[in-house]
């Protein structure tokens, strides 16, 4: 009987509004409760409001009957509750769901593969810019922290999609020609982002690029951009950003994603085994050379 009631779109929307309102009401009523009661009520209200949001989204999707209805519904409920229902988990999950729905809808677009790829790369650039704004430019308010991490996790997901693409070619040098695929522009984008990150972590002065450590780091990143995968550059960016901000979560994500990205990307490369091995050797050589030089200059022992 209850499930039958949910088959009616209008009834579903009404129920969702009641549940969301009830969840917000419970959350608002916890200010004077003890810590134990407050924790229980917040968890209970989160369950109610999550069910309400899901009902609302399902109702809108059923009414509009469009893949983008999911994104619009998620975006609406996320904006409507973000500053009212101040639970970090809900803020993060709602924002992350919006971004993932956009990613899914991009691949559902009925357009030619070139245009779809360009839209996907534009979405990558948008996420990268937003992460830079939230993570780098000043101290963002605590209320924006869940949103910034939603963009970070969404960007990680997008890079995983890029690494597992079965139709990826790469930057291949032959005797008779040079083939540069469209994906190489993602590397250029990440090279620029990493060099900008180096400048920011060194104090934000463009003159810092003239210092030996940043010159060596920038040269290493450019070489990696030529022979490596975009996802590897992204993992390095997470490590650098996490170290600069003292965010252990970002450092852990970068360290865990690095081997996963390397395995997934090179496993799916549609090239000869010898070419694949050459790219792996090139990556390893650049990284090892950088590590030995840092050790030689004792930059691992002092702040630079």
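Numbering (my numbering), first residue to last: 18 to 321. Glycine residues also receive a C-beta, built at the ideal position from the N, C-alpha and C atoms. The structure displayed is predicted, hence computed values, not measured ones.
Rounded to whole angstroms, the Cβ separation of residue 92 and residue 115 is 5 Å, and the two are in contact under 8 Å. DSSP places residue 110 in the uninterrupted alpha helix (DSSP H) bounded by 105-125.
If you compare the alpha carbons of 142, 284, 240 with that of residue 302, the shortest gap goes to 240. Distance from the CA atom of residue 71 to the CA atom of residue 294, rounded to whole angstroms, is 47 Å.
In the structure shown, the three-state DSSP call for residue 134 is helix. Closest in C-alpha terms to residue 34, from the list 62, 66, 60, 56, comes 66. Here residue 168 is not near residue 140, since their CB atoms are 8 Å or more apart. The beta carbons of residue 36 and residue 76 sit no closer together than 8 Å.
Looking at 205, 147, 134, the one whose alpha-carbon comes closest to that of residue 178 is 134. Using a Cβ distance threshold of 8 Å, residue 300 and residue 248 do not count as a contacting pair. The segment 59-96 is shown to contain no whole beta strand (DSSP E) run of 3 or more residues. The Cβ atoms of residue 106 and residue 90 do not sit closer than 8 Å to each other. In this structure, the beta-carbon distance from residue 256 to residue 271 falls below 8 Å.
In chain order, 111, 112, 115 place their CB closer than 7 Å to the CB of residue 95, counting only its own chain and leaving out the 5 sequence neighbours on each side.
Judged by beta-carbon spacing, residue 210 lies beyond the 8 Å limit of residue 278, meaning their Cβ atoms are not closer than that value. Residue 143 and residue 296 have their C-alpha atoms spaced approximately 29 Å apart.
Counting C-beta atoms within 10 angstroms of its own C-beta, residue 291 has fewer than 16 neighbours from the protein chains shown and is therefore classed as exposed. Between residue 119 and residue 88 the beta-carbon gap is near 6 Å, inside 8 Å, which marks them as a contact.
Spatial neighbours of residue 153 in its own chain (CB-CB distance under 6 Å, excluding positions within 5 residues in sequence) are listed in chain order as 217. Excluding sequence positions up to five before and after residue 283, its CB lies within less than 8 Å of the CB of 246, 293, 296, 297, all in the same chain and listed in chain order. Only exposed fits residue 84, as fewer than 16 other CB atoms lie within 10 angstroms of its CB.
The continuous stretches of alpha helix (DSSP H) do not include residue 153, and DSSP gives it neither H nor E. Taking C-beta atoms under 8 Å as the contact rule, residue 268 and residue 260 qualify, at a distance of about 6 Å. By a beta-carbon distance limit of 8 Å, residue 251 does not contact residue 306. Their separation comes to about 21 Å. Closest by C-alpha distance to residue 117, out of 128, 129, 171, is 171. Measuring C-alpha to C-alpha distances from residue 176 to each of 164, 163, 203 identifies 203 as the nearest. Annotated three-state conformation of residue 129 is coil, per DSSP.
Taking the Cα positions, residue 166 is about 19 Å away from residue 101. DSSP places residue 174 in the helix class (H, G or I) of the three-state scheme.
DSSP places residue 289 outside both helix and strand once states are collapsed to three, so it counts as coil.
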